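Here the sequence shown stands for residues 0 to 140, where the numbers follow numbering that gives the first Met the number 0. Where a beta carbon is used, it is the ideal one built from N, C-alpha and C, also for glycine. Note that the structure is a prediction, hence the values are computed from the model and not measured.
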Amino acid sequence: MIPHLFNALPLTSAQIQRLPPAALAYVGDAVYELYIRTYYLMPPKRLQAYHKQVVDQVRAEGQARHLRSLEPHLTAVELEVIKRGRNAATNRPKRVDPDVYQQATGLEALIGYLYLTDLHRLMHLLGQLEFDVPPGDSLEI
């Protein structure tokens with residue numbers, strides 16, 4: 000079995016491989032947002048400033064930008080997971096360009112996949128992301 004963060008639902012490698020890309024993206028979306036929220040925790044700030052920083056990063060446009068920055072560092076398996084995720088992207092919001100939405104879904108699928116298979120690799124890749132606003136550049140309390 001593959002270890003994961005919450006130990007609530009241990010999955011075998013075979014079970015993970017059978018998960019649809021949309022399921023990986025669903026998990027990846029939650030993991031990505033939790034990472035971003037944690038990133039912006041310090042220094043303490045007004046809730047409105049905190050929320051704006053997080054929302055700006057978790058929008059599809061920010062995710063697509065992060066995917067582009069990570070692509071040169073990804074393995075063939077990781078690139079294949081992204082491709083599967085992009086191809087599964089459906090029901091996009093009207094305000095989002097279809098290509099941007101596909102890229103964002105690809106990143107979410109990759110994050111979901113790595114969360115379930117390789118937390119060390121996931122944290123390494125997330126640590127390489129660059130954010131528009133560093134955590135200290137906000138309105139403090």
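Linking P19 to D55 through their CA atoms gives a straight-line distance of about 28 Å. If only uninterrupted alpha helix (DSSP H) runs of at least 4 residues are considered, those enclosed by the region 10 to 36 are 12 to 17. Each of V95, H72, I81 and V76 was checked against the Cα of R58, and the nearest Cα belongs to V95. Comparing alpha carbon positions, the residue from Q102, P97 and G111 closest to V26 is G111. Annotation for E129: no alpha helix (DSSP H) segment contains it, and DSSP assigns it neither H nor E. A direct Cα-to-Cα measurement between Q127 and S68 gives close to 9 Å.
By alpha-carbon distance to E77, the top candidate from Q52, G61 and R120 is R120. L23 and P43 have their C-alpha atoms roughly 32 Å apart. In the structure shown, K93 falls within a coil segment according to DSSP collapsed to helix, strand and coil. Contact annotation: L66 and L106 have beta-carbon atoms nearer than 8 Å. Taking T104 as the centre and dropping the five residues before and after it, the same chain places the C-beta of A24, G84, R85, A87 and A88 closer than 7 Å to its C-beta, in chain order.
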